[in-house]
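Step one of this worksheet: look at the structure below.
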Amino acid sequence: MHLKRLEIQGFKSFAEEIEIEFGPGITVIVGPNGCGKSNLTEAVQWVLGEQSPRALRGYKMDDVIFSGTSRRRPLGMAEVSLVFDNSAKRIPLAFEEVSITRRVYRSGESEYLINKTPCRLRDIQELLASCGIGRAAFSIVAQGKLDEFLSVKPEERRVYLEEAAGVGRYRQRKSDALVKLGETEQALVRIQDILNELERQRAPLAEQARMAKQYNLYKNNLRDLERRLLEGQLCKIRKKKSLSTAAQQKLLFAIKQEQQQIASMEDELNELAIGIQTRKKRIGELERELLQIKKEKQEISILKVRFEEKLASLLFRKKELEARLNSFSERDGRVAEELRLVEDAYKSCLQSKGCIEKDHGIVEKQREEWESRKSALDQAIEVNNAEIFDTLHKKTALLSKIHEVENKKDIIARQLENLKKRAEDGNRRIAQLAEQINEKERLLEKQVIALQELLREREQLRSRLKELQRERDEIAESIRQALQQIERDRTRINILKEAEKNKDGYQKGVKAILRAMANGHSSCKGIIGLVEDLLSIDPEYETALQTALGRASHYLVCTSPDAAQSAIAYLKERGLGRASFLPLTAVDCWAKHQSPSSVLQGAGIIGRASELVNCDSRYRNIAEFLLGRTFFSEDLKSARIFAESNHYKVRVVTLDGDMIQPGGLITGGKAAPASYPHQRKKEMAVLLSGISDQEKCLSELRKREEQLITETGTVEGSLRELDACCHQGELKKNMLRQEIAALKQELNQFSDFIEGFLLKGKEDGYHSEDLDKQLSGLQEELAGVLQIEQSLLSKKTELEEERNRCESRLQEIQKHLADLKIGLVKLDQQLEHLEQKRQDLRNTIKQRQENQSSAAEELEKICSEIAGLQAQDEIQKRRLTELTGRESFYEHELERKRRQVASKEAFYHAKEKRYFKLKQITWRRQHEVRNIEGQLEHLGEQMEQIEARAEELGFALSPDALVGELSRQEEAEIKNRIAEYKEKLEAIGEVNLTAPAELQELEERYGFLMQQKTDLEEGRKRLDNMIKEMDGVVASRFHKTYLEVRKNFEEIYSSLCEGGKADLLLTDEKNLLTTGLDITVKPRGKKPRHLTLLSGGERALAGISFLFALLKTHSSPFYLLDEIEAFLDEANLCRFADFLKRMGEDHQLILISHRYQTMQVADTLYGVTMEEPGVSKVVSVRLSDWEFLDEARNTAS
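Numbering follows the numbering used here, in which position 488 of the sequence shown is assigned residue number 510; successive positions increment by one, without gaps.
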């Protein structure tokens, strides 16, 4: 069997899929440093199951996947396969070729395959372990492995010898067996705890089951009696219900007949009421008609008065119109004369107006002539003004240019002065900036130092914060454990309290008395308590005391025999079992008549039990009565000697609980653990004390936690402050750097400004000379413009004087025109007034004529109205006489109808009285019916209550199964028996009704656990035997392999180091299972030396010798050696190469090397190169290519 092929894809630097064929003999892999040769070794280690990324020079497992280069993207998977030739069937698989594959993905998933079939890592390790190949084997020796062989402790070095001996699988099996053994021991402890708990539960649960059966018997009897009582009560209620129903039916029949009579009377009353209502309606109609007649008569009387008033008014108006017509003829003459005078005045005004309008036309022509002359003068003045304006504009422009030139000259002069000052200021500022830059750089240096100090302080605070957090986590874990322990203890206390409350562990009678005492029953007034509660002793004597007391610990101490008798009577009456009582008076009487007895003392005797117990002085005689003849001894031997010396007249109890009774009876052994009632109290006290201690510890832990929180807060606050300071310091540092840069920039700017100032000064000097020349030319041009302006102003004065004379003449003409216009206006106003007056007079005459005509028409109309009114008055008188006759008729008819209605109403009221009397009788009968219905409802509720009670008790009351009504005596008897059974049930108290089922379940579980315990004990024996057998095999194989490796080590070292000696020694030859392995080396010509004192080459030879000694002893299909000869010189390397050649004849060797001598012994040679950066590539090399070998030899030299 040998390794045929190595296939790699995506592992570390092997981005592309590669395949390396291995043949028998020696294969050497060469290549420059950093090309990926060691990645081949790590690939083999990885596929064989290496789980530590650090062993593969990584931090996490996906680091083995190709991570990419500048030219290639990262891969998502790495895969390595080893293919073995299995023609010899050394691997127990029916295949000629076996491949082992491992894959890993960047997602974290991984796969293991055998012949491309998925499997577990454990399957691969077990498969290869039988062949001597494994992750822990030394068939693969990576760089540094040789030094590891020599540097480890002797106890750790024995691992390599165990691997060579092939006992690794036995070690693994032993480890698995020890784990199983530990689990078995834990399971046995758990089962024993459960069995002990079940033992403690069996007796109380059996008593509970018995009480449950008794309770069920009483309950069933009580149920039968209650059923008989309920059936009798139900029968009685049904009888009452039947009688009430008959009475109800009789009343309902009478009510029905009376309701028929009431309905008939209601019909008659309705008919009478309708007749009365009809007559009342007719009376109402007559009253309304009579009222209408009276109303009409009143209206006619009112109209008559109005007619008379209107007639008087019309007669008065007639007289007025007649007088007015007579006055119209006198006034018409006066108005006609006034109209003639007004028309004469109107004609005179029209003649005056014509003369004035003629004069106005002549003056208007004169005005137009003078206005045309004035317009010509205005135009001449306007032309002159325009010329003056143009001259002024030219003068202003010249003055502005002159002023501008003068300003420019002033500006240039000021600029030159300003440039001079700014240059001086700039030089001073440059000096200041240089000084500021130096100062800022010093501040920056100090700030950097201060910031570094702050950063160091911050790191210290962060370390302190981590320590505080770690301590807080530890304290939090301690608090959690303390709280869990307190919770467990409190749960246990609650269980114990519940057991104490239920009085578990006591006999039935004792339990009944204790419960009666707790309830204050009168029969138990004289009971003081249990013996075990009244006596106490030191914990070391507790077992001996309980053994000595035995059942007496549950004796009840009482004040007198009467109290005991009363309690016993209470137990008998209720059938609550038996109990033993110790009356204090009886025990005191016994103590008075006892004489002290002499007892021979002996070695190992602690003392008399009654003297060792602690109790109240009142109960000292109780202790003497129970323990006066009992002695405690340290062991059984001392007890036996003491009892024999006292002729077996005393009782002796050992501290372990063994006991010798008077007469020589010896009781002893190991009893099953049991829970006694007195132990509950002690356990509760211990638990309470433990809880108190835990709470104190918890309080201290919480205080410490608060301190840590406070300190953490303080440190965090300081850290935040430091962070802020560091941030501020960093900001200040950056600010200083920015300020320095700004200052330097400003310095450069000032330097540039000064150079610019100098150039600007020269340019301004040249410009000032040009401005002087320009100013003289402008001044000459201004003098000519001023002369033209003076002549234009003289001409303007002449034209304005002529225009003023024209304006004076025009004003005179316009005044005359104004006077003429005023005269015309006045005449127009007079004409308008006369015209208006003439029109008014004409209108007055016309109006008088119209009024006279209208007055005559009105007079005629009034005369016709007077005649009409006199005719209507005659008609109204006839209508009034007719209405008076009708009024008399209606009053007589109304009186007759009222008498008829009164008669009918009297008859109606008599009938109604008889109706209400009959209805009242019916209402009383209905009330009786409702009472009966209430009784029936009450009886129905009673029946429902009885049926509900029956359903509550679990049975149904069928009408056919009722036994009939009970007599009073029978009912009283049944109630008494029910009360008795209820009292018995109350005396029993609370009962666990599931106790029988629980007891059966407990027994089944107990038997099952006992069987499990037996099986586990047998399994433990088998595991112990197997471990012993494996220890024997391991020791035998280890010793045999040790002798072979020792011999091989001596031979190989002698051949590699001529004249040298080496040996392997066991550090503890008597214990082959744990002994270490030590190496001693004696180079030629030197004394034996310790490994730490050897040189590098000597250590390499020792390591190679030890390695090949192991390899010769432990055969492996292949050996992969990575640069193990790196520290050897030329002479030793030649001997090493010869040794390799001999080893290659029988073993498959794969070496990674740089050495020429190693390459010379190779049967196959592979080269690893990195043509593309970061990507390894494997090439095969022809051994005939001696140029390559020569180059490699030169490189090695």
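The beta carbon of each residue, even a glycine, is placed where N, CA and C say it ideally should be.
Please read all numbers here as calculations on a predicted model, not as lab measurements.
- Contacts around Asp610, its chain only, beta-carbon distance under 6 Å, and the 5 residues preceding and following it disregarded: Asn643
- Query: Whose C-beta lies closer than 8 Å to the C-beta of Met23 among residues of the same chain, with five residues either side of it excluded?
  - Reply: Phe106, Asp107, Asn108, Ser109, Ala110, Arg112, Ile113, Cys153 and Pro1139
- Using alpha carbons as the reference points, say which of Gln683, Gly679, Leu677 and Ile663 lies closest to Lys671. Gln683
- Message: Could you compute how far the alpha carbon of Ile688 sits from the alpha carbon of Glu1020?
- Response: 38 Å
- Message: Just to confirm, is the Cβ distance from Val163 to Leu1143 under 7 Å?
- Response: yes
- Let me know the secondary structure DSSP gives Asn636 once reduced to three states. strand
- Quick one: what's got a C-beta closer than 6 Å to Tyr577's C-beta in the same chain, skipping five residues either side? Val553, Ser602 and Leu604
- Do you know offhand how far Leu312's Cα is from Glu915's? 10 Å
- Message: Using only the alpha-carbon positions, how far apart do Ala631 and Arg195 sit?
- Response: 56 Å
- Query: Helix, strand or coil for Gly1041 per DSSP?
  - Reply: helix
- Task: Name the residue from Glu499, Ala367 and Leu104 whose alpha carbon lies nearest to the alpha carbon of Leu723.
- Result: Glu499
- Item | Range of the contiguous beta strand (DSSP E) that encloses Cys580 | Leu578 to Cys580
- Message: Rounded to the nearest angstrom, what separates Arg464 and Asp447 at their Cα positions?
- Response: 26 Å
- Query: For the beta strand (DSSP E) that Gly98 lies in, which residues bound it at each end?
  - Reply: Counting along the chain, Gly98 falls outside any beta strand (DSSP E), and DSSP gives it neither H nor E.
- Tell me the start and end of each unbroken beta strand (DSSP E) in the region 655-698 that is at least 3 residues and wholly inside, in chain order. 673-676
- Just grab the DSSP bridge partners of Ala1084 for me. Val1103
- Classification of Thr561 by the beta-carbon crowding that lies within 10 angstroms, buried from 16 upward: Correcting the residue type first, residue 561 is Pro in the shown sequence and not Thr. Exposed.
- Taking 8 Å as the threshold, find out whether the region 1065-1073 comes into contact with the region 1033-1048 through three or more Cβ pairs. no
- Do Ile87 and Gly32 have their C-beta atoms closer together than 7 Å? yes
- According to DSSP, residues forming a beta bridge with Asp1185: Per DSSP, none; premise fails for Asp1185.
- Query: Does the beta-carbon of Asp1168 have 16 or more other beta-carbons within 10 angstroms, so that it is buried, or is it exposed?
  - Reply: exposed
- If you compare alpha carbons, which of Ile216, Val201, Val327 and Ile146 is closest to Gln1222? Nothing about residue 1222 can be read from this structure; the chain reaches only from 23 to 1219.
- Message: Tell me which residues share the same chain as Arg274 and place their Cβ nearer than 8 Å to its Cβ, disregarding the 5 neighbours each side in the sequence.
- Response: One detail in the question is off: residue 274 reads as Leu in this sequence, not Arg. So the list reads Val951, once near-sequence residues are dropped.
- Hey, how far is the Cα of Tyr240 from the Cα of Lys519? 29 Å
- Query: Leaving out five residues before and five after Ala65 in sequence, what residues of the same chain have Cβ atoms less than 6 Å from its Cβ?
  - Reply: Ile30, Phe33 and Val102
- Message: So for Lys34, helix, strand or coil by DSSP?
- Response: coil
- Query: In three-state terms, what does DSSP make of Ser558?
  - Reply: strand
- Query: Applying the criterion that 16 or more other CB atoms from any shown protein chain within 10 Å of the CB defines a buried residue, is Phe911 buried or exposed?
  - Reply: exposed
- Task: Identify, in the order they occur along the chain, each residue of the same chain with its Cβ nearer than 6 Å to the Cβ of Ile713, setting aside the five sequence neighbours on each side.
- Result: Ile508 and Asp511
- Is the region 1186-1200 in contact with the region 87-101, if contact means three or more CB pairs nearer than 8 Å? yes
- Task: Pull up the distance between the alpha-carbon of Phe1161 and that of Ser1127, whole angstroms please.
- Result: 10 Å
- Query: Below 7 Å between beta carbons: does that hold for Leu476 and Cys747?
  - Reply: yes
- Query: Going by C-alpha distance, which of Ala591, Ala566, Lys718 and Gly599 is nearest Leu649?
  - Reply: Ala566
- Message: Once the 5 residues before and after Lys659 are set aside, which same chain residues still bring their CB inside 8 Å of it?
- Response: Gly626
- Message: So, at 6 Å on beta carbons, what are the nonlocal neighbours of Ile315 in its own chain, with the 5 sequence-adjacent residues on each side left out?
- Response: Leu905, Arg908 and Glu909
- Would you list the residues sitting across from Arg124 in a DSSP beta bridge? Val102 and Tyr134
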